[in-house]
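**Q** This is the structure, below, for whatever I ask next.
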Amino acid sequence: EVARILQNTAQRLARGEQNGTLRDFNGNNVGGFYLAEDETDDEKKSEE
Numbered sequence: 001e002v003a004r005i006l007q008n009t010a011q012r013l014a015r016g017e018q019n020g021t022l023r024d025f026n027g028n029n030v031g032g033f034y035l036a037e038d039e040t041d042d043e044k045k046s047e048e
């Protein structure tokens with residue numbers, strides 16, 4: 001079941017979705033996901 005949820009999430013991310021709800025086989029909400037943006041090199045340098 002976990003593998004199926006992860007595969008569905010990977011497909012959604014590949015389609016460009018940036019957040020969503022994770023559901024099990026029965027349609028129950030089991031969590032969510034969101035795509036966090038990476039810090040750019042400029043942002044990292046400004047913190048130093």
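Residues in the sequence shown are numbered consecutively from 1, following UniProt numbering.
Backbone N, C-alpha and C fix where the C-beta goes; we use that ideal spot for every residue, glycine too.
Small disclaimer: the values here were computed from a predicted structure and weren't measured.
#1: Measure the alpha-carbon distance for Q11 versus E1 and round it to whole angstroms.
#2: Please report the residue range of the beta strand (DSSP E) in which L22 lies.
#3: In the DSSP assignment, find the beta strand (DSSP E) that holds N28 and state where it starts and stops.
**A** This is what the structure gives:
#1: 15 Å
#2: N19 to R23 is the span of the beta strand (DSSP E), which, as asked, contains L22.
#3: Looking at the DSSP string, N28 is not in any beta strand (DSSP E), and its letter there is neither H nor E.
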